[in-house]
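Note sheet for the following structure.
Residue numbers (our numbering): 541 to 979.
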């Protein structure tokens with residue numbers, strides 16, 4: 541070894557020993573000793589306090605950063621991160637999530653709500669992704685504390701029912717189940733194994749009589765096609781129902797009458813009419829509801845298709861702008877409204893219509909509705925994003941305050957996954973990296 545290199549190494553060792561000696565001396569100074577004793581005497585907070593504080597953090601990126609600060613914060617932050625999982629709709633996200641759960645089974649016990657989004661690759665060619673589906677099925681089997689499962693697919697296609705085997709391993713006590721991936725009749729065996737489900741959302745039509753007397757005894761909320769009503773043979777304690785109608789006729793009117801099975805408990809009903817040929821008029825709807833649901837308190841009716849241009853003389857005489865609510869509310873409808881003796885809130889929503897900048901029509905409709913339905917307290921009209929409402933105040937009709945009730949009733953679509961949830965590497969991986977900083 542050259543002499544110059546040896547000299548450099550000796551100087552390097554001398555500097556290192558001097559640095560260690562300086563550090564040792566600094567640790568023994570009175571200030572350092574006092575600081576160390578103070579740190580040792582700090583009170584130890586119970587884990588419940590950390591849990592209560594971290595529960596107030598809603599930003600997932602903040603939770604990820606917090607999980608890198610200390611051991612106890614890491615445990616509580618990761619529990620919050622994994623309690624609600626909403627995956628992006630692509631081929632990789634469900635697989636990455638499943639692999640993470642299988643590699644870290646302790647995280648599976650923290651998951652309480654899961655939204656699985658399947659893109660067209662899973663819907664059209666699931667056989668080519670068989671290994672991915674097997675990983676997802678194994679991950680679902682590990683979620684022992686899951687209480688909400690949401691399956692999101694393509695709005696115009698569903699996965700072949702033969703692949704419902706991915707749900708067979710789910711043994712958690714589900715309370716909420718939303719499904720737009722598999723046909724309704726294909727998930728009946730799954731529903732039979734989960735009698736605790738209280739909220740069920742299903743896409744697609746239903747065959748008659750598929751819901752047996754013992755299935756879903758605790759069901760209270762349904763969001764589905766109108767044909768679901770004919771699938772029940774016995775009553776349930778339903779309190780909130782959302783029905784989708786795509787064609788109105790004699791058979792569908794009989795299905796609507798089937799609401800009488802749940803008439804004693806049903807309090808909130810939302811009807812979405814997307815008919816293109818035969819339209820459900822509000823007069824017909826109120827006529828059937830007066831007999832089937834005597835205790836109904838909130839009714840929301842949504843018209844999503846184009847209406848005819850016929851306008852009654854009654855509407856024009858009240859206000860020309862009533863043309864925007866044609867076939868939604870007219871004298872016959874108002875007369876039938878008087879038969880709903882417990883109704884308190886009426887909400888009418890029009891989609892694909894030109895918004896109206898004036899509220900005179902809602903005031904006219906509200907006055908006639910209040911006159912004929914003594915129990916009615918609020919009437920609201922919604923045009924796209926604009927909501928106008930009136931409420932009864934003594935003998936007067938005043939402008940109402942649009943609260944969270946309307947958004948809760950009218951908005952049923954699942955929100956898109958948040959940006960930071962769409963990146964599995966940030967949410968699913970780095971809370972587990974080996975170089976986490978711990979105190």
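Each residue gets a CB set at the ideal place from its N, CA and C atoms; glycine is no exception.
For the stretch 764-814, the continuous alpha helix (DSSP H) assignments of 4+ residues that do not extend past its boundaries occur at 790-797, in sequence order.
For residue 647, the secondary structure class from DSSP, reduced to helix, strand or coil, is helix.
The residue among 907, 817, 718 and 782 with its C-alpha nearest the C-alpha of residue 788 is 817. The Cβ atoms of residue 778 and residue 746 lie no closer than 8 Å to each other. Rounded to the nearest angstrom, the gap between the Cα atoms of residue 653 and residue 624 is 5 Å.
Beyond the five residues adjoining it in sequence on each side, residue 890 comes within less than 6 Å, by CB distance, of 843 and 923 in the same chain, given in chain order. For residue 588, there is no enclosing beta strand (DSSP E); the enclosing alpha helix (DSSP H) has its first and last residue at 587-594. Nearest neighbour of residue 638 by Cα position, chosen from 722, 678 and 706, turns out to be 678. Note on residue 753: under 16 other CB atoms within 10 angstroms of its CB, so exposed under the neighbour-count rule. Under the criterion of beta carbons closer than 8 Å, residue 692 and residue 662 do not qualify as touching, at roughly 11 Å. The three-state secondary structure of residue 697, taken from DSSP, is strand.
Per DSSP, residue 623 is one residue of the alpha helix (DSSP H) stretching across 611-623. Note that the C-beta distance between residue 836 and residue 883 is below 8 Å. Fewer than three beta-carbon pairs drawn from the stretch 629-637 and the stretch 599-617 are found closer than 8 Å, and the two stretches are therefore not classed as touching.
Within a 10 Å sphere around the beta-carbon of residue 675 sit 16 or more other beta-carbons, which makes this residue buried. Between the C-alpha atoms of residue 650 and residue 619 there is a straight-line separation of about 6 Å. Judged by their CB atoms, residue 724 and residue 738 are not nearer to each other than the 8 Å cut-off. Between residue 906 and residue 876, the C-beta spacing is not below 8 Å.
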